[in-house]
Amino acid sequence: MSYLALYRKWRPVTFSGVIGQHHISDTLSRAVAEGRTAHAYLFSGPRGTGKTSMAKIMAKAVNCEKGPSSEPCNQCRTCREINEGISLDVYEIDAASNRGIEEIRSLKESVQNLPSSCRKKVYIIDEVHMLTKEAFNALLKTLEEPPSHVLFILATTEPEKIPLTILSRCQRYEFHRISVDDMKNHLLDIAGRSQIPLTEEAAGLLAVQADGGLRDALSLLDQCAAAAEGPVDAEMVYHILGLVGREQIMDLADRIFHGQSGSVLHLFYEILQMGREPAMILRELQTHLRNLLLCQVDPSFPELAIYGKRLPHLKEEASLFSDASIDAMLDSLRVSLRETERSESPRMAAEMGLLRLCRLKGLPDWSSLAERVSALEALVSAGEISAVPEPRSVPSVGSVRQPSDSPKPVSPPHSGRKPAPAASSVSAAAPPPPASPVPSAVSPSPADGEVSSVTDPSSYLSVWKKVLDEFMKARRIDILTCFQKSSLILIAGSRAVISAPQQFLVLAANNPSYQKAVSQAFQNVIGRPLIPRTVLRGSPEEQAALSEVQDSGARSRSQPRARESGSSETSDSGEDGYHPVQEQDIPAEDRNNPALSEALKFMSHCDIYEKKIP
68 MSYLALYRKW RPVTFSGVIG QHHISDTLSR AVAEGRTAHA YLFSGPRGTG
118 KTSMAKIMAK AVNCEKGPSS EPCNQCRTCR EINEGISLDV YEIDAASNRG
168 IEEIRSLKES VQNLPSSCRK KVYIIDEVHM LTKEAFNALL KTLEEPPSHV
218 LFILATTEPE KIPLTILSRC QRYEFHRISV DDMKNHLLDI AGRSQIPLTE
268 EAAGLLAVQA DGGLRDALSL LDQCAAAAEG PVDAEMVYHI LGLVGREQIM
318 DLADRIFHGQ SGSVLHLFYE ILQMGREPAM ILRELQTHLR NLLLCQVDPS
368 FPELAIYGKR LPHLKEEASL FSDASIDAML DSLRVSLRET ERSESPRMAA
418 EMGLLRLCRL KGLPDWSSLA ERVSALEALV SAGEISAVPE PRSVPSVGSV
468 RQPSDSPKPV SPPHSGRKPA PAASSVSAAA PPPPASPVPS AVSPSPADGE
518 VSSVTDPSSY LSVWKKVLDE FMKARRIDIL TCFQKSSLIL IAGSRAVISA
568 PQQFLVLAAN NPSYQKAVSQ AFQNVIGRPL IPRTVLRGSP EEQAALSEVQ
618 DSGARSRSQP RARESGSSET SDSGEDGYHP VQEQDIPAED RNNPALSEAL
668 KFMSHCDIYE KKIP
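68 is the number of the first residue of the sequence shown in this note's numbering; add one for each residue after it.
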């Protein structure tokens, strides 16, 4: 006889034999015993949880020659035929390959025929969500009012794709993922009856990897048993399934927690040499960090049993961190894993992700930093401290207070050249300069001439893009990755405020080494270093920075009007017969003056004065 896979050989044949679905098996068993079976059922849930097996047991229970009873006997001819799949009255239909309207029409025709040997004709339609819209419509009337000798059992992993008109005509039962403990015990039982030496640790590992699907767990056990020459232990499972060993992952995590960058890369290389993929390593590390979080919440969590003798070490490790610290590490690792899966160079992306974790430094530092940030956020929310320090008012050239004595009217500057023969009485001149030079409160830099209290916000986007380009030129991919989703929201004096979308990016960006690199990038772009500070997007700190920008914009709009008003007053009060005129008021004959036309061409926005000749 040919070999039969474990999941087929040990498929449950009674309601009580279905693992982890007692809320369904008990209900159906009672309904059959009391003669209260419906005409249509819908079984939904994850793969490998017993939907099709339950449907076959239901078919046997309603057709058993010794029943109907709460359990099929599995001894009569009807039960044996259904178990062997040769019954003429039990139809198993794969909706994925029979999804059209023609197949459903054939089904509707066969429904009218009476069963050949059973009480009821049972139609088990697997993956029913794969039917087309037309096929569902064709099935609708039959499903609503089927003949009394017909029972429909629909099974699906995606019930949300089934039309509501179908759902409303069925009794629906939701199958749950099977717990790790139930699956582990069942694997040990099956292994014992199949004479497969299986250790308890290996059974727990297989149960976790199956992710709630018993069929998957039995398939994995079958695979390991075929490859093992001796007992199936945890090391064998790691090797067969291509997983990273628990010891190696814990060792890698310890080195990351202590900031040992070089040691982390060496161990990462050793794991790669064993044939493991970079994304798999990061995924296993992510699972370990998740288990640390679970250990903090509940040290007796069932999935933690796979650590075996290393469980005390896991508990000790979990006690060294706050939940905020582990959450920040998980966020960083999730970003790195996504980049690794999409990158053309997965190894480099994974290495950068591991180095970012190392640079968030150390066992005590992460916890204390997270606590300090939380405390500061609480103080800001309570209003005890301001989110951003109030900027010092820096007087600009236009806003310096003038002496109390009114300055004498200033005459327009005279040209040293002799006027042309046809010179007019109208001349162009620049605005009158102040009586004495006033030193600027902030020394100008070579790059931008003069630094105001808040730099024009319209330049932030281009400046920030150039800063990111500096990181790319310097091959600092780690810094570029940290800041690429952030934005520059304020440059005020020597300060720069940057907004980041996530808390772990804020923690990384405020690392001193990153701040130094950002300051140097600003030096290269705008000609002067800035002191960067990164805040969380949507936080009070960000709102304070944005308010500072808005206040600066309001001041800058009011200052030109004040200067224009002052200039007008000075001009109007001028002596020596000079009066301001508009360019359009200049007579046509004066426009032909070469000197005046050239002046207007190059100084189109200057003030123009006319001298009245007595």
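Just so you know, even glycine gets a beta-carbon here, dropped at the ideal spot from N, CA and C.
With fewer than 16 other CB atoms across the displayed protein chains lying within 10 angstroms of its CB, His90 is exposed. When rounded, the separation of the alpha-carbon atoms in Ala567 and Ser246 is 39 Å.
DSSP places Glu241 in the strand class (E or B) of the three-state scheme.
Phe203 and Ile191 have their C-alpha atoms roughly 15 Å apart. Less than 8 Å divides the Cβ of Gln590 from the Cβ of Pro596. Secondary structure within the region 352 to 392: not one fully enclosed beta strand (DSSP E) run of 3 or more consecutive residues is present. For the 8 Å CB-CB criterion, Leu424 and Ile558 do not form a contact. Contact check for Leu361 against Glu370 passes: the beta carbons are separated by less than 8 Å. Check the Cα spacing between Ala163 and each of Gly329, Arg186, Glu225: the tightest is with Glu225. Judged by DSSP secondary structure, Asp161 falls outside any alpha helix (DSSP H) and instead within the beta strand (DSSP E) spanning 157 to 161. Take Leu218, set aside five residues on each side of it, and the residues of its chain with a beta-carbon closer than 6 Å to its own are Lys187, Val189, in chain order.
Rounded to whole angstroms, Ile593 and Val534 show a C-alpha spacing of 9 Å. Shortest Cα-Cα distance from Glu201 to any of Ala100, Thr104, Pro230, Glu212 involves Pro230. Ranked by Cα distance from Lys118, the first of Gln142, Pro647, Ile86, Cys131 is Ile86. Between Asp545 and Leu422, the beta carbon gap of about 6 Å places them in contact (Cβ cut-off 8 Å).
DSSP links Asp318 through a beta bridge to no other residue. Secondary structure of Arg236 (DSSP, three-state): coil.
A direct Cα-to-Cα measurement between Glu132 and Tyr108 gives close to 22 Å. Under DSSP, Ala107 shares a beta bridge with Phe219. The beta strand (DSSP E) runs lying completely inside the region 225 to 307 and spanning 3 residues or more are 238 to 241, given in chain order. Taking 8 Å as the cut-off, the Cβ atoms of Thr81 and Ile149 do not count as close.
For Lys200, the enclosing alpha helix (DSSP H) begins and ends at 200 to 211. One thing to note: Leu400 has its Cβ within 8 Å of the Cβ of Leu356. A distance of 8 Å or more separates the beta carbons of Leu285 and Tyr70.
Straight across, the Cα-Cα distance linking Thr116 with Lys583 is about 55 Å. For Asp193, there is no enclosing alpha helix (DSSP H); the residue is found in the beta strand (DSSP E) stretching over 188 to 193. In this structure, Phe538 sits near Leu547, with a CB-CB distance shorter than 8 Å. Residue burial annotation: Asp283 is buried, with at least 16 other C-beta atoms found within 10 angstroms of its C-beta.
In the structure shown, Val648 adopts extended strand secondary structure according to DSSP, grouped into three states. The alpha-carbon of Leu555 is positioned some 26 Å away from that of Ala391. The count of Cβ pairs closer than 8 Å, one atom from the region 263 to 272 and one from the region 298 to 312, reaches three, so the stretches are in contact.
Listed in chain order, the non-local C-beta contacts of Trp531 below 6 Å within the same chain comprise Leu555, local neighbours out to five positions each way being set aside.
Distance from the CA atom of Glu608 to the CA atom of Val364, rounded to whole angstroms, is 31 Å.
With fewer than three CB-CB distances shorter than 8 Å, the region 332 to 346 does not count as touching the region 374 to 391. In its chain, beyond the 5 residues on either side, Glu302, Tyr305 have a beta carbon closer than 8 Å to the beta carbon of Gly312.
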